[in-house]
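What the sequence shown shows, in the numbering used here, is residues 7 to 403, in sequence order.
The beta-carbon is built from N, C-alpha and C at its ideal position, and this holds for glycine as well.
Fair warning: this is a prediction, and the values are worked out from it, not measured in the lab.
A short worksheet on the structure shown next.
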Amino acid sequence: SRTTTTLPLLPLLRLDEPSIHSSVHLSHRSTITTPKRILSSYVHRPSFTSTPSTMKSTMLCFRLLEVLWFCFLLMGRALVEGCACADTMDDIIAQIGNPEIPVCGGRTIEFSGEPIDVTGMKFRLFSIDCNGNDDESVEPAVLVGNRHFSTNEGSTHNITLSNVTFVQKDVDAQNCIHTKGTGGILDVLGCAFEGISTNKGRAILNEQGTVNVRDCSFYNHTNKNYGAAILNYANMTIKNSTFSGNQAILNYGGAIGNSGAMEIKSSNFTGNQAIVGGAIYATDSLSKTTIGATMFVGNIASWYGGAIRCVQSASCEIGYSTFKENVAEDGYGGAIGAYGSGLLVVSYNDFDANKDYLFFNQSGAGAVHLARKSNCTMQGNNFTDNTSGSSGSEITI
């Protein structure tokens, strides 16, 4: 005999609302998580008159739909879990202490209030995409704020920051990264630092410990203090990095101020400006700056050292580098200016079209100027078309 059967509605999965959930129990008694809302249109099992064989076929069809629904659900969950990464400052804070902190590539993350204290911590913070990739192809996360990370005095830490962009937020910005730990190590790899005009904010201030910078860029950091992009009082290495458009408006070291031990290799300094030391200013008795295979192009100092200024008893060793079109506008040394008892070693460099414009001073130097007890060794350098205001000298002692 024929019977009439009314079957219940079967909701379809709505894939565009993965964040709103409820529990759904499947017939095999396992519980999965699904979106709470469902499409406004449902798949109906209409009332109809059927034979037992028709009834069986219909139930098999709807069982198949149920299985497909479950598969789509798992696919959706896999994508969400693939993007399991920090995309807020609170998310990052919650993960401090974990060995790895993935941040969502391409996301802009706002930092506010005090910097995140990473004293004594050991972790790697890096950008990641939804496929779990964390290599150079991943678009970096952008951290926007006035202060980002800091450590306390005397602390130890071992931190790696990789493929992240730091952006200063406004004129009240201070240091993106401020390290004070004597036993601390900070590795900054493949990061970008974008500055604005501030009173005292820099990309990195290293008071104690060791900072290693590699494959990074620093641009448009402008402030009134010594070392517009980086200020180092301890130990720092910089490799394969770029400094462009940084400016110490009323002070020294348009890109870098060094009063510690610093090694710079295979890097580029372009269009940086300062009162003294358009790109780099090195000072203090314990300061040693070693530079190799690096380009200095179009840097400007209002007074001394269009590219580099070494003073007092600071030691500077510069080799296999290129100085081109750097300018000391109203002072000495279009490329390099040295003053004091510190050792200056200049070896196997190329000096091309550097200038100073001190027209009424016969002791200017288009390329290298040495003054007051300067202790200098020079060998194997090439000088081409470097000019000084009235004397035309390339080297002046």
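Between residue i and residue j, what straight-line distance do the alpha-carbon atoms span, to the nearest angstrom?
| i | j | result |
| --- | --- | --- |
| E200 | R69 | 56 Å |
| I342 | F129 | 40 Å |
| T383 | S247 | 27 Å |
| N229 | V148 | 22 Å |
| H154 | N181 | 8 Å |
| T11 | L66 | Residue confidence is low: T11 scores 45 on pLDDT, short of 50, so the model does not pin down where it sits. Its coordinate-derived value is still stated next. Going from the Cα of T11 to the Cα of L66 covers about 16 Å. |
| D391 | A198 | 35 Å |
| I236 | N226 | 12 Å |
| N274 | T114 | 28 Å |
| V217 | N238 | 9 Å |
| R35 | A90 | Low confidence applies to R35: its pLDDT is 38, below 50, so where it sits in the model is not reliable enough to give any reading. |
| F249 | C110 | 26 Å |
| T204 | H184 | 16 Å |
| I270 | G138 | 33 Å |
| T300 | T328 | 6 Å |
| S118 | G207 | 15 Å |
| E142 | G395 | 47 Å |
| Y363 | A334 | 7 Å |
| Y48 | I191 | At Y48, the pLDDT of 38 sits below 50, so the modelled position is not reliable; the number obtained from the coordinates is stated separately. Taking the straight line from one Cα to the other gives about 59 Å. |
| E106 | G126 | 15 Å |
| G233 | D193 | 20 Å |
| T243 | V352 | 19 Å |
| K245 | M268 | 11 Å |
| A359 | N381 | 25 Å |
| D336 | W309 | 5 Å |
Just to confirm, are residue i and residue j a CB contact at a threshold of 8 Å?
| i | j | result |
| --- | --- | --- |
| V144 | N104 | no |
| V317 | Y338 | no |
| N386 | Y354 | Sequence inspection shows Gly at residue 386; the Asn mentioned does not correspond to that position. Taking 8 Å as the Cβ cut-off, G386 and Y354 qualify as a contacting pair. |
| Q263 | G298 | According to the sequence displayed, residue 263 carries Gly and not Gln. Going by C-beta atoms, G263 is not nearer than 8 Å to G298. |
| V219 | I165 | no |
| A209 | F224 | yes |
| N231 | G251 | no |
| L292 | G259 | no |
| V282 | A307 | yes |
| A285 | N257 | no |
| V253 | A280 | The sequence shown places Gln at residue 253, rather than the Val named in the question. A contact, by the Cβ cut-off of 8 Å. |
| D221 | G196 | yes |
Please confirm if residue i has its CB atom under 8 Å from at least one CB of chain C.
| i | result |
| --- | --- |
| M95 | Structure shown: chain C not included; a single protein chain is present. |
Can you give me the Cβ contacts of residue i inside the same chain, cut-off strictly under 7 Å, excluding the 5 residues immediately before and after it?
| i | result |
| --- | --- |
| E116 | M95, V150, G151 |
| K379 | G346, S347 |
| D290 | S265, Q318, A320 |
| L420 | Lying before the first or after the last residue shown, residue 420 is absent from the chain, which here runs from 7 to 403. |
Which same chain residues end up closer than 6 Å to residue i when comparing Cβ atoms and leaving out the 5 residues on each side of it in sequence?
| i | result |
| --- | --- |
| P146 | S133, N169, V170, T171 |
| T393 | K361, G372 |
| G112 | E145 |
| K175 | V150, G151, N152 |
| H375 | Y338, G339, G343, T402 |
| I202 | Q174 |
| G189 | T162 |
| C322 | A288, T295, C316, L350 |
| A313 | G284, A285, F302, N305, F329, N332, A341 |
Per DSSP, residue i forms a beta bridge with which residues?
| i | result |
| --- | --- |
| S168 | F132, L195 |
| R220 | L195, K245 |
| Q214 | None; Q214 has no bridge partner. |
| A344 | C316, L376 |
| F389 | F357 |
| S291 | Bridge partners of S291: none, in fact. |
| I297 | I270, I324 |
In the DSSP assignment, the beta strand (DSSP E) including residue i goes from what residue to what residue?
| i | result |
| --- | --- |
| A254 | 253 to 258 |
| Q385 | 381 to 385 |
| D141 | Per DSSP, D141 belongs to no beta strand (DSSP E) and is neither H nor E. |
| M268 | 267 to 271 |
| N274 | 274 to 276 |
| H227 | Careful: H227 lies outside any beta strand (DSSP E) and carries neither H nor E. |
| M127 | That residue, M127, is in no beta strand (DSSP E); it is neither H nor E in DSSP. |
| E106 | 106 to 110 |
| Q180 | Where Q180 is concerned, there is no enclosing beta strand (DSSP E), given that its DSSP letter is neither H nor E. |
| F329 | 328 to 330 |
| F302 | 301 to 303 |
| T157 | Here T157 belongs to no beta strand (DSSP E), and DSSP marks it neither H nor E. |
Note down, in chain order, each residue of its chain lying with its Cβ closer than 8 Å to the Cβ of residue i, except the 5 sequence neighbours on either side.
| i | result |
| --- | --- |
| D140 | P108, F132, S133, I134, S168, N169 |
| K186 | S156, T157, N158, E159, G160, S161, E213, Q214, G215 |
| I2 | Lying before the first or after the last residue shown, residue 2 is absent from the chain, which here runs from 7 to 403. |
| S272 | K245, N246, G298, A299, T300 |
Hey, quick one: how far does the alpha helix (DSSP H) through residue i stretch, first residue to last?
| i | result |
| --- | --- |
| I99 | 95 to 101 |
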